[in-house]
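Numbering (the working numbering), first residue to last: 77 to 421.
So the structure is just underneath, and the comments pick up after that.
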Ligand code: ZN
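In structure tokens form, the structure reads like this:
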């Protein structure tokens, strides 16, 4: 009951990359960089295990950014000539690569870190990939001229990599779709379908993470404009409930998401965000258990997985470790509190 995991990313050590940045520069090159990525991956697996997480991941130590890490291994993308583009409906500007020809995988994308992680933990292993809608929102299109067509082209490539990750021994494959909360109707109209294409044929557990973004200023300013009730999930969840995706990761603690929207997820597993990634204040076990208690009014306890609201990448290592510990301490307290008395069976 209440198996714990994180959304995905963790801070990169200062010897691997610039710290507290979303698009950090690497500190080494070639073989030295590869070794540094491997060392950081092992360090975070150990830290997640020490903190008591039930499901661990590679902390996304081998990718510069959660979207561009995947794109770097795709033919048809020009990484040399990045352009500045407003992303997430113009919320902030990013340097994005351009799609200039038909898309094709150059080979495996994440074999190195996935196999390394698998070889060094006996716990359940979750691996994250960007979702198709979020990818098309984070590249400039100079070839397809049609968002849906391009999203399904990316979905096909994601599917190839996801099937290979499953063969590597990954237990859970999670697609990150923060763009769903920006383009809610698009997500319901075809975003979920593109996601299902990316997950097609997988027999491991499949998940989607939908958040309100990392704790950076542009996102905090955006949240200020969303009013007292954040109802974006209301448009997306019914489509997800009808989909083949098994788990949904959502933002809860310190958000203005009405908790009753979780009831729209029918029989899905729900990864409830009980840790705020936009604040360095470390949650107490009581606060975490209280959030779990609120979610239990709408999610049965055997389908509730305490999680972080989003990735921890832009935080300091020290705060991130303390937040992992808060997550597991809070889940332990919730097990005591709600073992007998859980609101739903
Ligand atoms: Zn997120």
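Yeah, the Cβ is synthetic: ideal placement off N, Cα and C, and Gly gets one too.
Coil, strand or helix - residue 349 by DSSP: As a working note, residue 349 is residue 273 in the chain shown. Correct three-state label for residue 349: strand.
Alpha-carbon to alpha-carbon, residue 342 and residue 90: As a first step, residue 90 is located in the chain shown; it is residue number 14 there, counting from the start. As a first step, residue 342 is located in the chain shown; it is residue number 266 there, counting from the start. Cα to Cα, the separation comes out at about 43 Å.
Given 8 Å, three or more beta-carbon pairs between the region 180–187 and the region 303–323: no
Residue 285 beta carbon near ligand 1 (any heavy atom closer than 7 Å): Taking the chain shown and counting its residues from 1, the one referred to as residue 285 is at position 209. Yes, ligand 1 has a heavy atom inside 7 Å of this Cβ.
Where residue 203 falls: helix, strand or coil (DSSP): Position 127 of the chain shown, counting from 1, holds the residue named residue 203. In this structure, residue 203 counts as strand in the three-state DSSP scheme.
Where residue 418 falls, given that 16 or more other Cβ within 10 Å makes a residue buried: On the chain shown, position 342 is the one that residue 418 refers to. Low confidence applies to residue 418: its pLDDT is 49, below 50, so where it sits in the model is not reliable enough to give any reading.
Under the three-state DSSP convention, the category residue 378 falls into: In the chain shown, residue 378 corresponds to position 302, counting from 1. Three-state DSSP puts residue 378 in a helix.
Exposure of residue 308, with buried meaning 16 or more beta-carbon neighbours within 10 Å: If you number the chain shown from 1, residue 308 lands on position 232. Classification of residue 308: buried, given that the 10 Å Cβ count is 16 or more.
Which of helix, strand or coil DSSP assigns to residue 385: Numbered from 1 along the chain shown, position 309 holds the residue referred to as residue 385. In the structure shown, residue 385 sits in coil (DSSP, three-state: anything other than H, G, I, E or B).
Coarse secondary structure for residue 258, derived from DSSP in three states: What you label residue 258 is simply residue 182 of the chain shown in a count that begins at 1. Note: residue 258 maps to coil in three-state DSSP.
Option nearest residue 376 by Cα separation, candidates 318, 414, 286 and 360: Translated into the one-based positions of the chain shown, residue 376 becomes position 300. Measuring from the Cα of residue 376, the nearest candidate turns out to be 414.
Runs of alpha helix (DSSP H) wholly within the region 157–207 (minimum 4 residues, chain order): 187–195
Whole runs of the alpha helix (DSSP H) within the region 299–370, excluding any shorter than 4 residues: 308–317
Segment contact flag, the region 230–237 with the region 271–287, C-beta cutoff 8 Å, min 3 pairs: The region 230–237, when compared against the region 271–287, does touch it at the 8 Å Cβ threshold.
Cβ pair residue 244, residue 283 closer than 8 Å: The sequence position of residue 244 within the chain shown is 168, counting from 1. The sequence position of residue 283 within the chain shown is 207, counting from 1. Cβ atoms of residue 244 and residue 283: not closer than 8 Å.
Enclosing beta strand (DSSP E) for residue 247 [first to last residue]: Numbered from its first residue, the chain shown carries residue 247 at position 171. Looking at the DSSP string, residue 247 is not in any beta strand (DSSP E), and its letter there is neither H nor E.
Own chain, CB closer than 6 Å to residue 320, minus 5 neighbours either side, in chain order: Reading the chain shown from its first residue, position 244 is the one you call residue 320. Once the five neighbours on either side are set aside, the close Cβ partners of residue 320 are 272.
Counted within 10 angstroms of its Cβ, other Cβ atoms place residue 211 as buried (16 or more) or exposed: The residue labelled residue 211 in the question sits at position 135 within the chain shown. Result: buried.
First and last residue of the uninterrupted alpha helix (DSSP H) at residue 286: Residue numbering aside, residue 286 sits at position 210 when the chain shown is read from its first letter. Per DSSP, residue 286 belongs to no alpha helix (DSSP H); it is in the beta strand (DSSP E), 281–286.
heavy atom of ligand 1 below 7 Å from residue 396 C-beta: The sequence position of residue 396 within the chain shown is 320, counting from 1. Every heavy atom of ligand 1 is 7 Å or more from the Cβ of residue 396, so no.
Nearest to residue 149 (by Cα), restricted to the options 175, 160, 129 and 167: For the purposes of this step, residue 149 is taken as the residue at position 73 of the chain shown. Of the listed residues, the one whose Cα sits closest to residue 149 is 175.
Option in 360, 130 and 142 with minimal Cα separation from residue 87: Position 11 of the chain shown, counting from 1, holds the residue named residue 87. It is 142 whose Cα lies nearest to the Cα of residue 87.
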